[in-house]
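Chemist: Here our numbering is used: the first residue of the sequence shown is 279, the next is one more, and so on.
This is the structure, below, for whatever I ask next.
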Amino acid sequence: MSAQPAFSGVWCPSVTPFDSNNNLDIDALSRHFSRLNQSGIDTLLLMGSIGEFASLSQQERLLLIREARQLSPLSMVANVSSTCIADMLQLADAAWQNGFDAVMVLPPYYYGQTHKQLLSYFKALGTQLGGKWFAYNFPARTGCDLTPALVAELASELPNFIGIKDTMDCLSHNRAMIEETKKVRSDFTVLSGYDEYLLPNLLAGGSGVISGLNNIVPELFARAMQAWRAGDLAQLSEIQQRIGKLMAIYTIGDDFVTTIKTAVARRFDSMRSYSRNYGGELTAEQCEEVDRLLN
Numbered sequence: 279m280s281a282q283p284a285f286s287g288v289w290c291p292s293v294t295p296f297d298s299n300n301n302l303d304i305d306a307l308s309r310h311f312s313r314l315n316q317s318g319i320d321t322l323l324l325m326g327s328i329g330e331f332a333s334l335s336q337q338e339r340l341l342l343i344r345e346a347r348q349l350s351p352l353s354m355v356a357n358v359s360s361t362c363i364a365d366m367l368q369l370a371d372a373a374w375q376n377g378f379d380a381v382m383v384l385p386p387y388y389y390g391q392t393h394k395q396l397l398s399y400f401k402a403l404g405t406q407l408g409g410k411w412f413a414y415n416f417p418a419r420t421g422c423d424l425t426p427a428l429v430a431e432l433a434s435e436l437p438n439f440i441g442i443k444d445t446m447d448c449l450s451h452n453r454a455m456i457e458e459t460k461k462v463r464s465d466f467t468v469l470s471g472y473d474e475y476l477l478p479n480l481l482a483g484g485s486g487v488i489s490g491l492n493n494i495v496p497e498l499f500a501r502a503m504q505a506w507r508a509g510d511l512a513q514l515s516e517i518q519q520r521i522g523k524l525m526a527i528y529t530i531g532d533d534f535v536t537t538i539k540t541a542v543a544r545r546f547d548s549m550r551s552y553s554r555n556y557g558g559e560l561t562a563e564q565c566e567e568v569d570r571l572l573n
């Protein structure tokens, strides 16, 4: 019997709460995780893009790794991406030592990379990472694409490389990623990085979604997975339409991280809306728009 992908289902890439002094707010993170723990989702991703990893110091990231694992019984993955390999390896080792199930890594960013460079990078990294890891494909931010052919080649050679978050606003890219990796690994996980691609990902044979909306409506996505597993297409259709409407939240304001945090703060009062991204504060009218969308 062939192996099945691990970490399937619905992931929440958690926001990272800050207090009024711009410091990490672990108490708020605990309140946020407490709600997510009961929502029915499968996995938490710490320090993803929406978790503002690029705005955190190495010391803050190590602190989050130590504290966060104690706050949830769910599967947990840490994004350890960095342009400094030594920092990345330190974060990865800390994650595994603190009980994380896997880590996630972006390709090198800022410079952009060729196909040859990406193969060389990930093959070298694969020999240094001491546990299971996911790649994170986000061409809009990194300037390079982890193509389905490239990922399949890496998956065939690196057994600890167990999956990918494919953040491409392109269904055919996600589908091709699923098809190509299945040719070499039945246990390889392909997750969509776009909320509304959960159902298309599953229909194509993928494993699920990593969705920023899960910070706000995790129960909705958990219900979608339950409906999928039960073969309830009518409920799936209804949920897919609801998710599609909620995608409008990403068009409100100047910074989607602040907008998502504002929505969490207004709906649950578990954290402040502060972000380290400048100029993203919502106006009163925009806050009302968020409220109307979520009601």
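For glycine and all other residues, C-beta sits at the position ideal for the given N, C-alpha and C.
Every value quoted in this text rests on a predicted model; they were computed, and no experiment measured them.
In the DSSP assignment, what residue or residues form a beta bridge with Val288?
Modeler: As a first step, residue 288 must be located in the sequence shown, where it is residue number 10. Bridge partners of Val288: Val487.
Chemist: Roughly how many angstroms lie between the CA atoms of Ser308 and Ser327, to the nearest whole one?
Modeler: Against the sequence shown, residue 308 aligns to sequence position 30. Against the sequence shown, residue 327 aligns to sequence position 49. Ser308 and Ser327: Cα-Cα distance of roughly 19 Å.
Chemist: Output the distance between the C-alpha atoms of Tyr556 and Leu342, rounded to the nearest integer angstrom.
Modeler: Translated into positions along the sequence shown, residue 556 becomes position 278. Translated into positions along the sequence shown, residue 342 becomes position 64. Answer to the nearest angstrom: the Cα atoms are 22 Å apart.
Chemist: For Val568, collect the residues of the same chain with a Cβ closer than 8 Å to its Cβ; drop the 5 residues on either side in sequence, then sort them by chain order.
Modeler: For the purposes of this step, residue 568 is taken as residue 290 along the sequence shown, with counting starting at 1. If we look at Val568 and ignore the five residues flanking it on each side, its Cβ neighbours are Ile527, Ile530, Thr537, Thr540, Ala541, Arg544, Leu560.
Chemist: If I follow the unbroken alpha helix (DSSP H) through Ile343, where does it start and stop?
Modeler: Counted from its first residue, the sequence shown places residue 343 at position 65. Start and end: 336-346.
Chemist: Is any heavy atom in the ligand PLP found nearer than 7 Å to the beta carbon of Arg453?
Modeler: No copy of the ligand PLP appears in this structure; indeed no ligand is present at all.
Chemist: Pairs of beta-carbons, one from the segment 467-483 and one from the segment 351-370, closer than 8 Å: are there three or more?
Modeler: Too few Cβ pairs lie closer than 8 Å, so no.
Chemist: Put Tyr399 into one of helix, strand or coil per three-state DSSP.
Modeler: Taking the first residue of the sequence shown as position 1, residue 399 is located at position 121. It is helical.
Chemist: Determine the direct distance from the alpha carbon of Lys523 to that of Ser359, and round the result to whole angstroms.
Modeler: Looking up residue 359 in the sequence shown gives position 81. Looking up residue 523 in the sequence shown gives position 245. Straight-line Cα distance between these residues: approximately 31 Å.
Chemist: I need the straight-line Cα distance from Val429 to Cys565, nearest angstrom please.
Modeler: Your numbering for residue 429 matches position 151 in the sequence shown. Your numbering for residue 565 matches position 287 in the sequence shown. Approximately 41 Å, taken between the alpha carbons.
Chemist: Taking contact to mean 3 or more Cβ pairs, one atom from each stretch, closer than 8 Å, check whether the segment 311-330 and the segment 500-513 are in contact.
Modeler: At 8 Å Cβ cutoff, the stretches touch.
Chemist: Return the bridge partner residues of Lys443 from the DSSP annotation.
Modeler: As a working note, residue 443 is residue 165 in the sequence shown. Lys443 is bridged to Tyr414, Leu469.
Chemist: Considering only the beta carbon of each residue, do Asp533 and Gly558 sit closer than 8 Å?
Modeler: Along the sequence shown, read from residue 1 onward, the residue named residue 533 stands at position 255. Along the sequence shown, read from residue 1 onward, the residue named residue 558 stands at position 280. In this structure, Gly558 lies closer than 8 Å to Asp533 by Cβ.
Chemist: Per DSSP, what are the beta-bridge partners of Thr321 in this structure?
Modeler: In the sequence shown, counting from the first residue as 1, residue 321 sits at position 43. Trp289, Ser353, per the DSSP bridge assignment.
Chemist: Is Ala543 helix, strand or coil when you go by DSSP?
Modeler: Walking along the sequence shown from the start, residue 543 turns up at place 265. Reduced to three states, the DSSP call for Ala543 is helix.
Chemist: Could you have a look at Tyr556 and say whether DSSP puts it in helix, strand or coil?
Modeler: Numbered from 1 along the sequence shown, position 278 holds the residue referred to as residue 556. It is coil, neither helix nor strand.
Chemist: Here's the rule: buried if 16 or more other CB atoms are within 10 angstroms of the residue's CB, otherwise exposed. What is Lys594?
Modeler: Outside the shown range of the chain (279 to 573) lies residue 594, about which nothing can therefore be said.
Chemist: Can you give me the C-alpha to C-alpha distance between Leu498 and Ala413, rounded to a whole angstrom?
Modeler: By 1-based counting over the sequence shown, the position of residue 498 is 220. By 1-based counting over the sequence shown, the position of residue 413 is 135. Roughly 26 Å separates the two Cα atoms.
Chemist: Can you check whether the CB of Ser298 is closer than 8 Å to the CB of Arg554?
Modeler: Position 276 of the sequence shown, counted from the start, is the residue given in the question as residue 554. Position 20 of the sequence shown, counted from the start, is the residue given in the question as residue 298. No. Outside cutoff.
Chemist: What is the rounded straight-line gap between the Cα of Arg570 and the Cα of Glu474?
Modeler: For the purposes of this step, residue 570 is taken as residue 292 along the sequence shown, with counting starting at 1. For the purposes of this step, residue 474 is taken as residue 196 along the sequence shown, with counting starting at 1. C-alpha separation (whole angstroms): 20 Å.
Chemist: Could you pull out every residue in the same chain whose Cβ sits closer than 6 Å to the Cβ of Ala373, ignoring the five residues on either side in sequence?
Modeler: Taking the sequence shown and counting its residues from 1, the one referred to as residue 373 is at position 95. Ile343, Ala356, Val381.
Chemist: Based on Cα-Cα distance, which residue from Ser450, Asn315, Phe378, Asp305 lies nearest to Asn493?
Modeler: The residue labelled residue 493 in the question sits at position 215 within the sequence shown. Residue Asn315 is the option with its Cα nearest to Asn493.
Chemist: What do you get for Ala306, buried or exposed, if any count of 16 or more other CB atoms within 10 angstroms of its CB means buried?
Modeler: Sequence index remark: in the sequence shown, residue 306 carries index 28 (1-based). Ala306 is buried by the Cβ-count criterion.
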